[in-house]
Amino acid sequence: MDTIGQYVPNMPVASPVPTIRELRVTDVVALADLAELLGSSETQRDWRLLFRRSPVVVIGAEEDGRIVGYAAGTVRSAFGLGTAGWVEAFGVDNAWRGRGLGRSLASALFERLRGLGAARVYSVVPLHDLVLAPFFHDLGFREEPLVCIGRTT
Ligand SMILES: CC(C)(COP(=O)(O)OP(=O)(O)OC[C@H]1O[C@@H](n2cnc3c(N)ncnc32)[C@H](O)[C@@H]1OP(=O)(O)O)[C@@H](O)C(=O)NCCC(=O)NCCS
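For the sequence shown, this note's numbering assigns the number 1 to the initial residue and increments by one for each residue that follows.
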């Protein structure tokens with residue numbers, strides 16, 4: 001009988017997992033491109049301004065040199081809630097959704113915000129958003145007794 005080579009079991013190939021790293025001003029083009037893809041409003045200028053804030057955390061998930069998710073937060077005092085972390089921007093590429101990347105980015109962000117002295121973290125999400133609201137709720141966020149009010153200038 002011919003030998004046809006050594007038997008190799010049909011093992012599943014592990015899919016690459018994006019690595020999470022600190023982002024820099026040099027990443028603003030990629031950040032703005034991804035934000036646009038997600039229908040989010042942050043422009044290159046917005047990201048540049050965010051990088052200038054202090055303290056600020058901007059991290060991203062990178063796969064093959066491409067940013068496929070980002071999370072940004074500041075530590076500040078606002079709305080009578082004391083000094084706390086605020087999620088300023090958050091997004092995961094469509095192709096990576098539902099695979100735990102958002103959760104990983106969030107825990108990496110919260111860990112860094114905690115390191116900067118924030119015992120609590122807040123965000124603002126549209127009340128009836130069917131994705132962001134359940135996502136943050138799943139992470140343990142709960143409604144605060146605040147309401148958004150506005151008028152024309
Ligand atoms: C919200 C978002 C960050 C979630 O990222 P993700 O990587 O898909 O999230 P995860 O896979 O880590 O999901 C974590 C949990 O969030 C919840 N969740 C995530 N997507 C959800 C959805 N579409 N509907 C309901 N719950 C959802 C689930 O409870 C999920 O836990 P499970 O997988 O055990 O069920 C992503 O969908 C996104 O980028 N949306 C657009 C963001 C946006 O509009 N940004 C602009 C304003 S800041």
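Quick reminder that beta carbons are idealized off the backbone N, C-alpha and C, glycines included.
Owing to the predicted nature of the structure, the values given are computational and were not obtained by experimental measurement.
To the nearest angstrom, how far is it from the Cα of residue i to the Cα of residue j?
i    : j    : result
G69  : L105 : 8 Å
A78  : D64  : 38 Å
G115 : R97  : 27 Å
T152 : L113 : 34 Å
A133 : E62  : 25 Å
A32  : R52  : 16 Å
L81  : N94  : 33 Å
L109 : H137 : 16 Å
T83  : V25  : 25 Å
E144 : E111 : 22 Å
Q44  : L50  : 10 Å
Ignore the nearest five residues each way along the sequence and tell me which others in residue i's own chain have a CB closer than 8 Å to its CB.
i    : result
R142 : none
A107 : The question names Ala, yet the displayed sequence has Ser at residue 107. Correct list: empty, nothing qualifies.
C148 : V124
Tell me which same chain residues have a C-beta within less than 6 Å of the C-beta of residue i, skipping the five on either side of it?
i    : result
A89  : E42, A72
T19  : E62
L139 : A106
Return the chain-ordered list of same chain residues with a C-beta closer than 7 Å to the C-beta of residue i, the five sequence neighbours on each side being excluded.
i    : result
D27  : G60, I67
L146 : F79
G91  : L34, A35, L38, S40, G69, Y70
W47  : V28, L31, A32
So, under 8 Å CB-CB, residue i and residue j are touching, yes? Tell me the CB distance rounded to an integer number of Å.
i   : j    : result
P55 : V75  : 5 Å
S85 : V121 : In the sequence as presented, Ser is not what sits at residue 85; that position holds Gly. Right, their Cβ atoms sit about 4 Å apart.
Tell me the DSSP secondary structure of residue i in three-state form.
i    : result
E42  : coil
A106 : helix
G91  : strand
R120 : coil
A84  : strand
DSSP beta-bridge partners for residue i?
i   : result
A35 : A35 pairs with nothing; no bridge assigned.
I59 : E22, A71
S54 : In the DSSP output, where bridge partners are listed per residue, S54 has none listed.
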